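Rendered as structure tokens:
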């Protein structure tokens, strides 16, 4: 079963709007679509083109072939969305300030390290004392 991703015309006379649909390649354009993955129309508020790219990629991986017009529209949509995303990311990026840790944390760390340092030499001296009598015997 060959699948196509194409535009299906909807809307009133002289006010065209299109759905981007996945359908069988040999079916009529007005037939029921397997899935609607987007819409395109000049009269839509905001962006005239909306596509669910996850569904699009899923259908293409299953073997659906986009028509020339659908491919051009979707590529234009991808390019527009990536540049918008990059611009938004640049706007949101704020340089990180290096903040010195509070004095309380530094004091706690010093207190934790000090007893550990004192216990270590005591542990080293004890085995040395045990080894000496063993060597004398």
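Numbering (this note's numbering), first residue to last: 811 to 947.
Ideal Cβ positions, reconstructed from N, Cα and C, are used throughout, including at glycine.
None of the values given here were measured: they were computed from a predicted structure.
- Between the C-alpha atoms of residue 846 and residue 859 there is a straight-line separation of about 13 Å.
- The DSSP-derived three-state label of residue 844 is coil.
- For the 9 Å CB-CB criterion, residue 834 and residue 876 do not form a contact.
- Residue 819 sits away from residue 849, with the two beta carbons spaced by 9 Å or more.
- If you ignore the 5 residues before and after residue 874, its C-beta comes within less than 8 Å of the C-beta of 813, 814, 815 and 832, all in its own chain and listed in chain order.
- Residue environment: residue 890 is assigned as exposed (fewer than 16 neighbouring CB atoms within 10 Å of its CB, all protein chains considered).
- Looking at the DSSP output, residue 828 sits in a beta bridge with 819 and 850.
- Per the C-alpha coordinates, the member of 853, 883, 852 and 916 positioned closest to residue 866 is 883.
- When DSSP states are grouped into helix, strand and coil, residue 865 belongs to the helix group.
- When C-alpha distances from residue 886 are compared across 870, 861 and 844, the shortest belongs to 861.
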